[in-house]
Amino acid sequence: MKRYFLPFWLIFGLNSLLSIYSGSATMISETVHSLLDALVITFSMYAMKLVNVKDSRFTYGLHRLEIVSSLANVATVVVGSIIVSLISLLYLIEGMRDQPVILTFASVIAFSLSLLPLSKRDETTRSGVWLHAVQDSLAYLIGILTGVIIIATGWYFIDPVSSLVIVSIMVLTSIKSMKGSLYVIMEGSPLDIEEMESELRKEIPGIHHIHVWDICNHLRVATLHVEEQSNVTLKELDEKRVKIEKLLGERFNINHVTIQFESEAERS
1 MKRYFLPFWL IFGLNSLLSI YSGSATMISE TVHSLLDALV ITFSMYAMKL VNVKDSRFTY
61 GLHRLEIVSS LANVATVVVG SIIVSLISLL YLIEGMRDQP VILTFASVIA FSLSLLPLSK
121 RDETTRSGVW LHAVQDSLAY LIGILTGVII IATGWYFIDP VSSLVIVSIM VLTSIKSMKG
181 SLYVIMEGSP LDIEEMESEL RKEIPGIHHI HVWDICNHLR VATLHVEEQS NVTLKELDEK
241 RVKIEKLLGE RFNINHVTIQ FESEAERS
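Taking full-length UniProt numbering, I'd label the letters of the sequence shown as residues 1 to 268.
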């Protein structure tokens with residue numbers, strides 16, 4: 001587990017130390033960005049150990065911790081972005097100068113460290129570490145480019161401008177994450193129910209009253225009703241249940257389904 005979040009903390013430590021000496025707005029934004037990622041990844045890694053814990057109160061487990069983590073990340077990004085934006089604007093207004101050599105050096109090292117989580121994209125990294133590492137790599141590439149441009153041209157105003165670009169990337173990616181998390185909390189359907197019902201009716205004509213929602217990013221559940229003739233045996237119903245569960249799992253990635261069988265006479 002440590003091999004996933006350790007690089008993020010190393011990058012934060014590096015950025016924190018060198019941002020003091022560089023006097024760079026871009027370095028400050030990189031430091032804030034790396035801190036937020038380190039906190040989120042660390043919390044997510046430990047939360048993954050708790051998601052399957054179930055009791056009489058949390059019968060599905062604690063899978064919603066993933067969503068809580070995502071929303072907490074958005075909140076911290078908003079606060080961090082406001083602070084960094086104000087600092088960047090101050091740099092622009094006052095014409096403050098940084099140390100581009102330190103900025104370039106720090107960004108190169110941070111970029112190299114950010115590639116470590118990308119070297120192995122397994123089941124754990126698919127949960128979000130990989131995406132964070134890609135976003136971080138982009139931010140550090142901007143830092144490298146900024147340092148090189150300032151060294152070559154002396155255009156120090158590029159530093160706070162690049163800082164604002166990094167902040168914009170942070171905010172835009174967080175907005176997308178926030179929308180997805182809120183959609184899950186509001187139990188919005190991840191599938192087109194009408195299209196799904198139409199497709200299922202080709203094999204199970206009596207299916208109706210379908211509801212699908214996500215508990216988290218990797219746990220999708222559904223409830224549905226199925227009409228059957230009143231003389232159908234319990235064994236036949238059980239065979240149909242297995243068929244429906246397999247069908248929903250293979251086609252729609254549904255992990256858990258509750259099926260209510262009812263007679264045609266009952267619905268009419």
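Beta carbons are placed, not taken as given, at the ideal position from N, Cα and C, and that holds for glycine. Predicted, not measured: the structure shown is a model, and the values here were computed from it.
Beta-bridge partners of residue i, as assigned by DSSP
i, result
"phenylalanine 261", "Val226"
"arginine 201", "DSSP lists no partner for arginine 201."
"aspartate 214", "Arg220"
"isoleucine 207", "Val226"
"histidine 256", "Val221"
Residues near residue i in its chain [Cβ-Cβ closer than 8 Å; skip 5 each side]
i, result
"glutamate 94", "none"
"leucine 10", "Leu113"
"serine 69", "Val40, Phe43, Ser44 and Ala47"
"methionine 196", "Ile210, Val212 and Phe252"
"glycine 188", "Trp213"
"valine 165", "Ile142"
"valine 171", "Val77, Val78 and Ser81"
"arginine 57", "none"
"valine 51", "Gly61, Leu62, His63, Leu65, Glu66 and Cys216"
Proximal residues to residue i (C-beta, below 7 Å), its chain only, five neighbours per side dropped
i, result
"threonine 258", "Thr223"
"valine 84", "Ile28, Ser29, Val32, Ser163 and Val167"
"leucine 36", "Asn73, Thr76, Val77 and Gly80"
"aspartate 214", "Val184, Pro190 and Arg220"
"histidine 225", "His208, His209, Gln260 and Glu262"
"leucine 237", "Glu228 and Phe261"
"isoleucine 204", "Val226 and Ile244"
"asparagine 15", "Met27, Glu30, Thr31, Ser34, Ala106 and Ala110"
"arginine 241", "Ile259"
Residue from the options whose Cα sits closest to the Cα of residue i
i, options, result
"serine 177", "Lys235, Cys216, Asp98 and Leu6", "Cys216"
"lysine 49", "Ser56, Glu187, Arg201 and Arg64", "Arg64"
"isoleucine 109", "Ile87, Ile144 and Ala133", "Ile144"
"isoleucine 244", "Ser24, Ile169 and Gly206", "Gly206"
"phenylalanine 8", "Leu71, Leu182 and Tyr140", "Tyr140"
"methionine 96", "Ser230, Ser24 and Lys202", "Ser24"
"glutamine 99", "Val242, Val171, Ser88 and Thr146", "Thr146"
"threonine 104", "Ser230, Thr26, Val232 and Ser16", "Thr26"
"aspartate 136", "Trp155, Gly154 and Phe111", "Phe111"
Own chain, CB closer than 6 Å to residue i, minus 5 neighbours either side, in chain order
i, result
"serine 127", "Note that serine 127 scores a pLDDT of 49, beneath 50, so its modelled location is shaky; the value from the coordinates is reported in the next line. If we look at serine 127 and ignore the five residues flanking it on each side, it has no Cβ neighbours."
"lysine 54", "Gly61"
"isoleucine 193", "Ile210"
"serine 174", "Val74 and Val77"
"residue 279", "Only positions 1 to 268 of the chain appear in this structure, which leaves residue 279 out of reach."
"phenylalanine 12", "Ser34, Leu35 and Ala38"
"leucine 71", "Ser181"
"leucine 116", "Pro7"
"leucine 234", "none"
"threonine 124", "Here the model assigns threonine 124 a pLDDT of 43, short of 50, so the residue's position is not dependable, and the following value carries that caveat. Cβ neighbours of threonine 124 beyond the five flanking positions: none."
"serine 88", "Ala25, Pro160, Ser163 and Leu164"
"glutamate 250", "none"
Rounded distance between the beta-carbons of residue j and residue i, thought under 8 Å
i, j, result
"valine 184", "isoleucine 67", "5 Å"
"alanine 106", "serine 22", "7 Å"
"isoleucine 149", "isoleucine 142", "Between isoleucine 142 and isoleucine 149 the Cβ distance is about 10 Å, and since that is not below 8 Å, they are no contact."
"leucine 92", "proline 160", "5 Å"
"leucine 200", "isoleucine 169", "So it is not a contact: roughly 41 Å between Cβ atoms."
Interface flag, residue i vs chain D, CB-CB below 8 Å
i, result
"serine 198", "The question asks about chain D, but that chain is absent: this structure has only one protein chain."
Any non-hydrogen atom of the ligand SAM within 7 Å of residue i CB
i, result
"isoleucine 193", "The model on display carries no ligand, and the ligand SAM is accordingly not part of it."
Is it a yes or a no for the stretch 216-233 touching the stretch 248-257, going by three-plus beta-carbon pairs under 8 Å?
With a cut-off of 8 Å, the stretch 248-257 and the stretch 216-233 count as touching, because enough Cβ pairs lie within range.
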